[in-house]
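Here is the structure we will look at, set down as C-alpha cells.
Number of protein chains: 2
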Amino acid sequence: MSSHHSRRTPLPIPDVTIEDAFWAPHRETVRTKSLPHQEHQLRTGGQFEALKLEWKPGVAGEPHIFWESDVAKWIEAASYVLAREEDPDLDAAVDEAIALLSGAQQDDGYLNVYFTVVKPGQRFTDLRDAHELYCAGHLIEAGVAHHEATGKTTLLDIVRRYADLIDREFGPGGSCEGGYDGHEEIELALVKLYRATGERRYLDLALRLVDNRGTQPYYFDAECERRGTEGYFGTFLQDRVRRVDWFRQYNQTHLPVREQTETVGHAVRAMYLYTAMADLAAETGDATLTAACERLWDDMVGTKLYVTGGLGALHEIEGFGPAYHLPDRDGYAETCAAIGLVMWAQRMTLLTGEAKYADVLERALYNGVLSGISADGTRYFYGNPLASDGSVERSEWFGCACCPPNLARLLASLEHYIYATDPTGLVVNLYIAGSARLEHGGQTIRLAQATDYPWDGRVRLTLEADHDTDLTLKLRLPDWSDGPTLTIDGTEVDTTIEDGYLHLARTWAPGTVIDLDLGMSPKRVRANQKVAAVLGKVALQNGPIIYCAEGIDNAGAVPALTIRPDAELRIEHDSSSNLDTVTVEGVCERQSGDALYSTDAPKAEPTSIRAVPYFSWANRGKSTMAVWLRETAAGH
Amino acid sequence: MSSHHSRRTPLPIPDVTIEDAFWAPHRETVRTKSLPHQEHQLRTGGQFEALKLEWKPGVAGEPHIFWESDVAKWIEAASYVLAREEDPDLDAAVDEAIALLSGAQQDDGYLNVYFTVVKPGQRFTDLRDAHELYCAGHLIEAGVAHHEATGKTTLLDIVRRYADLIDREFGPGGSCEGGYDGHEEIELALVKLYRATGERRYLDLALRLVDNRGTQPYYFDAECERRGTEGYFGTFLQDRVRRVDWFRQYNQTHLPVREQTETVGHAVRAMYLYTAMADLAAETGDATLTAACERLWDDMVGTKLYVTGGLGALHEIEGFGPAYHLPDRDGYAETCAAIGLVMWAQRMTLLTGEAKYADVLERALYNGVLSGISADGTRYFYGNPLASDGSVERSEWFGCACCPPNLARLLASLEHYIYATDPTGLVVNLYIAGSARLEHGGQTIRLAQATDYPWDGRVRLTLEADHDTDLTLKLRLPDWSDGPTLTIDGTEVDTTIEDGYLHLARTWAPGTVIDLDLGMSPKRVRANQKVAAVLGKVALQNGPIIYCAEGIDNAGAVPALTIRPDAELRIEHDSSSNLDTVTVEGVCERQSGDALYSTDAPKAEPTSIRAVPYFSWANRGKSTMAVWLRETAAGH
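As given, the protein sequences belong to chains S and B, one line each in that order.
1 is the number of the first residue of the first sequence in our numbering; add one for each residue after it.
637 is the number of the first residue of the second sequence in our numbering; add one for each residue after it.
Set out below in C-alpha cells:
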C-alpha cells in the first residue's frame, strides 16, 4: 500500500534480491547464527517462559516490562527471513512463540505479561515509565511483518485485537484519553498496521498519540497524581537528568511535536517518534509534521550526529547532549539509536525525494549500526564509542536486550532500504549487488545491480525487460562522491542531478547496461571546530566506510599516533578479514617516563598507521581504538 | 606548640611578614573587599540571622545545614587579619558573630541551628549526610584562630564546650560510639584544639573518629537502620554515584583509612581527611598513618592531579575520577579541593621534611586556588575548569558557599605556609618577599626575603641578627627549576640538595646576603599519554605559574590555535594587569563552512598566541579559554 503523500514507495522484500559479497554473508550470519542465538537467549532468559503467565510473587524470574518487545523483534526478524526463503525450523519456532503470545492475551485483547501477573489491575497507569505501549508497538510490527512474510494471520489477529483495545482506552471517554507513551514506538507500528489492514482508525490513533504529546495539561503529571506514586523508575531518571524540564525533553514531551526544533533526550525514543511523524506526514499530507521533521533533522545532522551515524553523546540519558558535544571515547551512540536513524532517514527520503536523507541512512548503516554486531553474529554492542582504552568488548546479551533483535530485524529487512518507486520509475538509494523487480508500463522490469560496493564505487546496472520501456532511473549520488562518470552501453553520457540523484529519463531497450562510477577515494574528514572532543583530529573515510585504528594493528599505541598531513591514504585489501584497510604514514610518540606531567618532549618515531573499517573493530580481542586520529595542523 | 613527631614546625603568623608585589595586594583585597562582601552575604543570606534561633516551620529562610561553617570560616579569616593588624570594625563584627553563636549554643554545649530549630531532637542521627560535625569542625578552627589572633577566649570557650559534648557523645557509652562524620573536617580541627589547649582528649577524639572510619559493622548503615529513613540527601548522591560501594568511596568510608590506597570520592572530604591523618601522624608518631598518606599522595600526584593543582575530575561527585581521567573543559577542580590540597601538602612537608609536597602546595596555591577568586575579590569560582567555551564566569555567591570564605581564610593565613623551623634552623618553602623571625641559638634572628617572585626566580635573603649564629638554612628548590645558582655575599657557593632543599649549614655573620637564582624559564608541559583529554597538547608554565590562552587576547579563537613546535616562549610584562604573559608563534585554523563534518582542510594562518596566568582568567568578561593548547607533534 503506497502512502498518498509520499514521493516514493519502497519495493517489498520479495521484489528485491541481495546477492553481494558484503551484506549477503552478514545476513546469512543473522539467519544461521544470530536468530538461533537470540532464540536461545529468549528461551533461557525467561522471555518465552513468562508468556505462560505462571509467575507468582516471591518466585525468581519476575517478568520484566520490556520482555514482549524482545520476543516481538525476534519474530519480526525471523519473519523477514521467512519472506525470502523457506526455513521450516524457524517457521515452527515463530509459530510456537505466537502460540505463547496467544495464550498470554486476555479476553479483552490486552497483552502484557508484567501488568497481568506482576502488577495486575494497574494497566495503562504508568505510561511514562512502564514501556507498555512500546511493547505493544513491537508486537504490532511483528504481527504485520509476519503476515506479510507468511500470509498467516495468527499474530496479526492477536495484535489487531490488542490495538483495538488500546484504541478504545485512548479514544474519547477511554481511561487514557489524552494520553501517550513514555517510550515512543507504537505510533510508527500503528501506521504499519493501518497500511497492512486499511483500517483508518489505526492511523487516527497514531495521529492522536502524536498530537497529544507534550500538550497541556501535562498528561504524565496527571497520571502521576492519579497513581499517587512515582513511576516504575522512581526518581532515578529525573535525578540523572537533574531537572524536571530536562526530564520532559528526555521523552520528547517538553513541547507539542510541531513546536519541537531540537533533537533532545533519549535518542531511540526520539528516532521512533520522528519516524512516526514522517510516516504520518506521508499518510496525511500534514505539511506541519514534515516541516517539524525537517527542522529536527537539520538540528541533528548539523550539531549532534557522530561521523559514524551514531546518536547520543550522553550515557546517563542514552541520548543527546548539547550541540557539538560529541565525545569520542566517553560517548554513547546506542546501536538502537543508529537503527532508529536508518528508519527515520528512510521515511524522510521517501517522503521528500531527497537523497541527503539516504546519505545519512548509508552512513549509519555501514558504520554505527553494523558495529553493533560481531563478525560471528552472536555478540553485540549496546553503545558504540568512537574511541576505546581497550576495555570495551561486545556482550552476548544485555539485561535490557533491545539491540540484538533490533539489529537482526534491520539486517533481515535490508531489502526495504535499497530501491523505491515513483510514478516515473525506479530510485536506487543503496548500491548493493542483487536486483529489483517492478511493474512499470505494462510489463515486469528487472534491474540487475553488480558491484563490489562498499569497497569499489563502480556499479553496473542492467535493465532487463521484454520490450522497450519509458522509465526514469534515479541513482543516488553519495555525499562522499568525487564526481560521477556514467556510461550507457559504453557511451559516456551527461546527466542532471536533482535532489541528490542522477536522473536518467529515456526509453530503454532491454539489456541496456549502465556503468556508473561514483568516484570513490579515501579521504580525511574533519569535524566542525566547535566539536572540542576531536579538534585537530581527522577521521578516515572511503566511500561510506569510516575507518578506525586498532591497537592490535598498531603496536598497541593508538592514542600515540599522529598522521602526517600530506601522507597518502593507501587502500589495501586484507585477505584474512576480507575487508579493505587504510594505511597512512605518521609518527608514533613515546614518552620517556611515567610521570603525570613532564617537560620532556615525547620521542616521535615514523610509523605506518593501519586503519580498519569501524564496523569491524573489537573482533580480534580487546584493543585500544580510535576513529579520530591526530593530524598535524596545516601550515606547519 | 610543636608536634612531637613532625620534622618541622611552621612559624606563627606574627613572626612572618608578607611585603611583596604579588600576594600583599591580593591579601589587602581580601581584607578590604572580600571580607566585607562576605559579611554582607552572611548578613543578607540568613546565616547570621539564623543564629538567633527564631526560625519557625512554615516560614521562609529555613536554616541550612551548612550555615555555621560559612560563618565560622569568615570568622577564621577575619581572625588571621586581626592577628597582624588592628581593624576595630572587623573586630567588632567578629565579636557580634561570636555573640550570636554564643546565644545559639544550648545549655549542654550543643551548637547547630538546623538541628535546634528545623529538626529538633534529631541531633547526631544523620552523620553521613547532615554535615553536623563538619560545621562543628569549622567552628573549632575559628575558635582556635580567634584565640590565637586576639587572645580572647570568647569563641574558644564556646567551641570547647561543644567539643566536650561531642567527646561524650562519641566516647565509650555515648550515643554515637563508633561513629564518625560523613564530611571530614572536625578531625583536623580537633588536632588544632588539642594544640591550642593541650587537652589530650581532643586529640584522642580526633584519632577515634579517624580510626573508626570505614570499619565493620558499617556505622552509616546502622545509623540509617536506627533512623528508619534515608539521610538528608535521600538517595540523591547514591543515584549519582550509581553504586553503593562507590558511595562509600564518596566519603572515604569504603575501607579503614590505613588500608586506603587510592584517592577516591569527594575531593574536599578526601583532602580534609588526609590532612587530619598527617596531623595525627605528626602528634602520635603512628607510622601506619604516614605510610597511608604517602600511598594516597603518590596515587593522587601520579594519576589524578590537574596541572593547575586542581582536584576532582567529576562534577557529579565533586570528586576524583579514574586514574588519568582529567578532562579539561568538563572537569571540576573545586576551589575548596585545591585549598584542602594546600593544607594536606603543608602537613606532609612538615611531617616528612620533603620538598616535593611543597612543590605541589605551590602549584595549587598559584593556580587552582587563586583562580577561585576574582581580581577584585568579590566573585568566585566553585569549579575551576582548564578550558571554557566562553560560558563560564565567577559568581558573587553560591547556595553552598563553602569556597568564598575558604579562600579568604587561606589567603589571610598565608604566613603559615612560607617558613618552618626545625632544630637546626629555618626552612624556606615559599618565595614571597617579606621576612621571618625566629629564636635560635639564644638570639632573635630575622631573615629578610626580597624577590619579584613569581615573575622572577631570583631571591635575595638577608640574615639579620645581633651576632654570629650557627644555623642551617634549607631553601626549597622548586620542581620546575632549571638548576640553581647561589652566592653568599657575592661568592658563588656549591650547595648540597637533600629532600628537595638546598642545604646551607654554616656560621652566619649578621648581614650576610644570600642571592639565589632558582633558574626560571618558560617551558612546555605535557601530560602523560594516558591522559586522553589533552593528548597532543601542551601547557605553558613559567616558574610556578601555569598559563592559559583566553579568547579576548586571541581573536576569540582559542580552540583553533596550534603552537609551533620550535617557537620560542617569550615572557612579556603586561602593565595594565601587572601580570607576566607568554607569547608564542603558532597558527590559527579557520574552517570554511558550518557543516558538522567536512573534507575541506581548515585554512591555517600564522598568528601570535598570547597566554596569561591561569589564575587571572575570566577577569575581563566572558571568553573562551584553554590551558592545554595543541602543538604539532615532534618529528613533522
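Virtual Cβ for every residue (Gly too), placed ideally from N, Cα, C.
All of these numbers come straight from a predicted model, not from anything done at the bench.
Residues that asparagine 887 of chain B contacts on chain S, provided the C-beta gap is smaller than 8 Å:
Here the question's residue 887 of chain B lines up with position 251 in the second sequence. What asparagine 887 of chain B touches in chain S: nothing, since even the nearest Cβ is about 19 Å away.
Does any residue of chain B bring its CB to less than 8 Å from the CB of serine 598 of chain S?
Along the first sequence, read from residue 1 onward, the residue named residue 598 of chain S stands at position 598. Judged by the 8 Å Cβ criterion, serine 598 of chain S is in contact with chain B.
Any idea if proline 1059 of chain B is buried or exposed, counting beta-carbon neighbours within 10 angstroms, 16 or more meaning buried?
As a working mapping, residue 1059 of chain B is identified with position 423 in the second sequence. Exposed, by the Cβ-count rule.
With distances taken from CA atoms, which of B:Glu820, B:Glu866, B:Lys1166 and B:Thr865 is nearest arginine 1299 of chain B?
Only positions 637 to 1272 of chain B appear in this structure, which leaves residue 1299 of chain B out of reach.
Identify the contact partners of asparagine 528 of chain S in chain B, using a Cβ-Cβ distance below 8 Å as the criterion.
Residue numbering aside, residue 528 of chain S sits at position 528 when the first sequence is read from its first letter. Simply Gln1227, Asp1230, Ala1231, Leu1232, Tyr1233 and Ser1234.
Which of helix, strand or coil DSSP assigns to glutamate 354 of chain S:
By one-based count along the first sequence, residue 354 of chain S stands at place 354. Glutamate 354 of chain S: coil per DSSP, three-state reduction.
Going by beta-carbon coordinates alone, are alanine 1011 of chain B and alanine 994 of chain B separated by less than 8 Å?
Within the second sequence, residue 1011 of chain B is the residue found at index 375, counting from 1. Within the second sequence, residue 994 of chain B is the residue found at index 358, counting from 1. Taking 8 Å as the Cβ cut-off, alanine 1011 of chain B and alanine 994 of chain B do not qualify as a contacting pair.
Between the Cα of glutamate 732 of chain B and those of B:Trp710, B:Gln852 and B:His1103, spot the shortest distance and give me the residue it belongs to.
Indexing the second sequence from 1 puts residue 732 of chain B at position 96. Closest option to glutamate 732 of chain B, Cα to Cα, is B:Trp710.
At 3 residues or longer, and completely inside the segment 559-606 of chain S: list those beta strand (DSSP E) runs for me, N to C.
561-563, 570-574 and 579-590
Establish whether the CB of lysine 523 of chain S and some CB of chain B are separated by less than 8 Å.
On the first sequence, position 523 is the one that residue 523 of chain S refers to. Yes, lysine 523 of chain S lies at the interface with chain B (some Cβ there is under 8 Å from its Cβ).
When Cβ atoms are compared, which residues of the segment 317-338 of chain S fall closer than 7 Å to chain B?
Arg329
Supposed close pair arginine 1030 of chain B, asparagine 1065 of chain B - CB separation, criterion 8 Å
Numbered from its first residue, the second sequence carries residue 1030 of chain B at position 394. Numbered from its first residue, the second sequence carries residue 1065 of chain B at position 429. About 29 Å separates the two Cβ atoms, so there is no contact after all.
Can you tell me which of S:Ile98, S:Ala338 and S:Thr9 puts its alpha carbon nearest to the alpha carbon of lysine 304 of chain S?
The sequence position of residue 304 of chain S within the first sequence is 304, counting from 1. Considering only alpha carbons, the answer is S:Ala338.
Within 10 angstroms of its Cβ, does threonine 653 of chain B collect 16 or more other Cβ (buried), or is it exposed?
Here residue 653 of chain B refers to the residue found at position 17 when the second sequence is read from its first residue. The residue in question, threonine 653 of chain B, is buried, as its Cβ has 16 or more Cβ neighbours within 10 Å.
Spatial neighbours of aspartate 800 of chain B within its chain, please: C-beta separation below 8 Å, excluding the five flanking residues on both sides.
In the second sequence, counting from the first residue as 1, residue 800 of chain B sits at position 164. Around aspartate 800 of chain B: Gly745.
Ignoring anything shorter than 4 residues, give me the alpha helix (DSSP H) runs that lie fully in the segment 688-735 of chain B, in order along the chain.
703-720
Helix, strand or coil for tyrosine 855 of chain B per DSSP?
The residue you call residue 855 of chain B lines up with position 219 of the second sequence. Helix at tyrosine 855 of chain B.
Within chain B, the residues that glycine 658 of chain S reaches when beta carbons sit closer than 7 Å:
As displayed, chain S neither begins before 1 nor continues past 636, which places residue 658 of chain S out of reach and without an answer.
Check whether the segment 483-501 of chain S and the segment 537-547 of chain S are in contact - that is, three or more C-beta pairs closer than 8 Å.
no
What does alanine 532 of chain S touch in chain A if you count any residue whose Cβ is under 8 Å from its own?
Among the protein chains in the structure shown, which are S and B, there is no chain A.
Going by DSSP in three states, histidine 961 of chain B sits in which element: helix, strand or coil?
By 1-based counting over the second sequence, the position of residue 961 of chain B is 325. In this structure, histidine 961 of chain B counts as coil in the three-state DSSP scheme.
Cα-Cα separation, leucine 1006 of chain B to phenylalanine 1251 of chain B:
Stepping through the second sequence from its first residue, residue 1006 of chain B is reached at position 370. Stepping through the second sequence from its first residue, residue 1251 of chain B is reached at position 615. Their Cα atoms are separated by approximately 5 Å.
Does threonine 472 of chain S come out as helix, strand or coil in the three-state DSSP assignment?
Indexing the first sequence from 1 puts residue 472 of chain S at position 472. It is a strand residue.
Would you check if there are 3 or more beta carbon pairs closer than 8 Å linking the segment 1098-1108 of chain B to the segment 580-588 of chain S?
no
Amino acids of chain S, ordered along the chain, whose beta-carbon sits closer than 8 Å to that of leucine 1205 of chain B:
For the purposes of this step, residue 1205 of chain B is taken as residue 569 along the second sequence, with counting starting at 1. Residues of chain S passing the Cβ test: none, with the nearest at roughly 12 Å.
With DSSP as the reference, label tyrosine 1016 of chain B as helix, strand or coil.
As a first step, residue 1016 of chain B must be located in the second sequence, where it is residue number 380. Correct three-state label for tyrosine 1016 of chain B: strand.
Under 8 Å between C-beta atoms of glycine 901 of chain B and tyrosine 886 of chain B
Your numbering for residue 901 of chain B matches position 265 in the second sequence. Your numbering for residue 886 of chain B matches position 250 in the second sequence. Yes, the Cβ-Cβ distance between glycine 901 of chain B and tyrosine 886 of chain B is below 8 Å.
Can you give me the C-alpha to C-alpha distance between leucine 311 of chain S and alanine 527 of chain S, rounded to a whole angstrom?
Locating residue 311 of chain S in the first sequence gives position 311, counting from the first residue. Locating residue 527 of chain S in the first sequence gives position 527, counting from the first residue. For leucine 311 of chain S and alanine 527 of chain S, the distance between alpha carbons rounds to 15 Å.
Inter-residue spacing [alpha-carbon to alpha-carbon] between histidine 636 of chain S and lysine 1173 of chain B:
For the purposes of this step, residue 636 of chain S is taken as the residue at position 636 of the first sequence. For the purposes of this step, residue 1173 of chain B is taken as the residue at position 537 of the second sequence. Because the pLDDT of histidine 636 of chain S is 41, which lies under 50, any placement of that residue in the model is unreliable, and the number read from its coordinates should be weighed accordingly. Roughly 15 Å between the two C-alpha positions.
Sequence-distant residues of the same chain with beta carbon closer than 6 Å to alanine 1240 of chain B, five excluded per side:
By 1-based counting over the second sequence, the position of residue 1240 of chain B is 604. Correct list, in chain order: Val1223 and Glu1225.
Given that threonine 939 of chain B touches chain S, what residues does it touch there, using C-beta distances under 7 Å?
For this step, residue 939 of chain B is matched to residue 303 along the second sequence. Leu596, listed in chain order.
Check the Cβ-Cβ distances between histidine 636 of chain S and every residue of chain B, and say whether any is below 8 Å.
What you label residue 636 of chain S is simply residue 636 of the first sequence in a count that begins at 1. Since pLDDT at histidine 636 of chain S reaches only 41, below the 50 mark, its modelled position is unreliable, and the value read off the structure follows with that caveat. With 8 Å as the cut-off, histidine 636 of chain S counts as an interface residue toward chain B.
Own chain residues within Cβ distance below 6 Å of proline 648 of chain B, not counting five before or after
Taking the first residue of the second sequence as 1, we reach residue 648 of chain B at position 12. Nothing listed; no residue qualifies.
In chain S, which residues lie with their C-beta within 9 Å of the C-beta of proline 892 of chain B?
For the purposes of this step, residue 892 of chain B is taken as the residue at position 256 of the second sequence. Near proline 892 of chain B there are no residues of chain S at all, since even the closest Cβ is about 27 Å away, more than 9 Å.
Is tyrosine 1067 of chain B closer than 8 Å to tyrosine 1053 of chain B when the C-beta atoms are compared?
For the purposes of this step, residue 1053 of chain B is taken as the residue at position 417 of the second sequence. For the purposes of this step, residue 1067 of chain B is taken as the residue at position 431 of the second sequence. Contact flag unset, no.
Three-state secondary structure assigned by DSSP to histidine 315 of chain S:
Counting from 1 along the first sequence, the entry for residue 315 of chain S is found at position 315. Three-state result, histidine 315 of chain S: helix.
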